[in-house]
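Read through the structure below, which is laid out as structure tokens, and then see the notes.
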Amino acid sequence: MNEEKEEPILVAPNLIKEESMSSIPMDTHDGETTSNNVDSTLDEKEKNRLNYDQRRISLLNNPMYGVILCFLDKFRTHIDLQDYPLHLLEENLLSDQENISGRLIDFHITLLKRISLGKGAHRDKFVPIITKFAYRFDYDDGEHLKTNGYSQAEIDIKLRILKNLLETQFDHNQTFKTALLEKQSFEVRSQPFGRDRSGASYWLFMDSECFIRLFRENTDDERAWTNIAKDKDELENIIKILITDYIVRKKFT
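If you read the sequence shown in full-length UniProt numbering, its first letter stands for residue 1, the second for the next number, and so on.
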């Protein structure tokens, strides 16, 4: 009598794989944590980038920044300031890092010493010194610095402090005042790069490191100040537009 042989049971490979995987305990907590950390890091970077972009827009379209650039362009040599590339000055003003640029600190302290307010000043005393100076012109600015520190101060406040510090040179920097007395009025008056047919003024600032900033100052009551070019290509495009407008207007008028 022949014994009946049992037919082998065939199991689908994918079923074996699924059962094998289900028998292995898996901890997904670490994976989720890593993913959350990555997302959090990306969100923080994006937030920092957006904050930086907003500060940059605020700076470039603030007329006080134009006053600062005009002063440095016209009078830097008369105050005997060390070379401070404009692109570095801009980046240092925009920074909200806790460690303030030593170059920016030295720049302010030098200006303070020129008006006899920074004698014996050192880098580690910069914040209290500049806070005291801010109080002289605007109590709210001084309070803002006292509460937030310089690095976290709003761009408008940083610009106002530097603008006031530069303009104070006219009244309290005796060497500077003497040098200006020897010049004609047209030599100390800043002039725009040009004007368009609507009367708007264009102010161009450049340095030896190809830093370019072109601004338009409108003739309305608010004297709106707008940055319209930040590099060579943008500058060339604006000039082409203005030249084309002039040619067309001359041909048909």
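Even for Gly, the Cβ is constructed at its ideal location relative to N, Cα and C.
Could you have a look at residue i and say whether DSSP puts it in helix, strand or coil?
i	result
N227	strand
G66	helix
I115	coil
I243	helix
I212	strand
M21	Because the pLDDT at M21 is just 46, under 50, the model does not fix this residue reliably, and the value given afterwards should be weighed accordingly. Helix, per DSSP.
Could you please give me the residues that DSSP links to residue i through a beta bridge?
i	result
E217	S201 and W225
R195	S201
From the options, pick the residue whose C-alpha is nearest to that of residue i; which is it?
i	options	result
H122	A134, G102, Y139 and I115	G102
R223	N48, L181 and A200	A200
D140	I157, F126 and D73	I157
N218	P63, N48 and T168	P63
F137	E167, L104 and S198	E167
L235	C210, K183 and D220	C210
T226	H172, D124, L214 and Q152	L214
I212	D231, Y202 and N48	D231
T77	L111, L145 and S58	L111
Y65	I241, S208, N237 and W203	W203
F71	N61, L42, F176 and L181	F176
L165	S116, Q97, S151 and I241	S116
G194	R55, L242, E187 and L181	L242
Distance check for residue j and residue i, CA to CA, integer angstroms please.
i	j	result
E90	T244	32 Å
L93	S185	31 Å
T147	P85	30 Å
F75	K113	16 Å
S22	S40	Bear in mind that the predicted position of S22 carries a pLDDT of just 47, short of 50, making it too unreliable to give a figure here.
N99	D73	28 Å
L104	F126	10 Å
R216	L88	22 Å
R189	I68	14 Å
L53	Q169	A small correction: the amino acid at residue 53 is Asp; Leu does not occupy that position in the sequence shown. Each residue's Cα considered, the two are about 32 Å apart.
D83	S208	11 Å
E143	I239	44 Å
Item to check | Every unbroken alpha helix (DSSP H) within the stretch 81–159, with a cutoff of 4 residues, ordered by chain | outcome: 86–94, 102–114, 126–137 and 139–148
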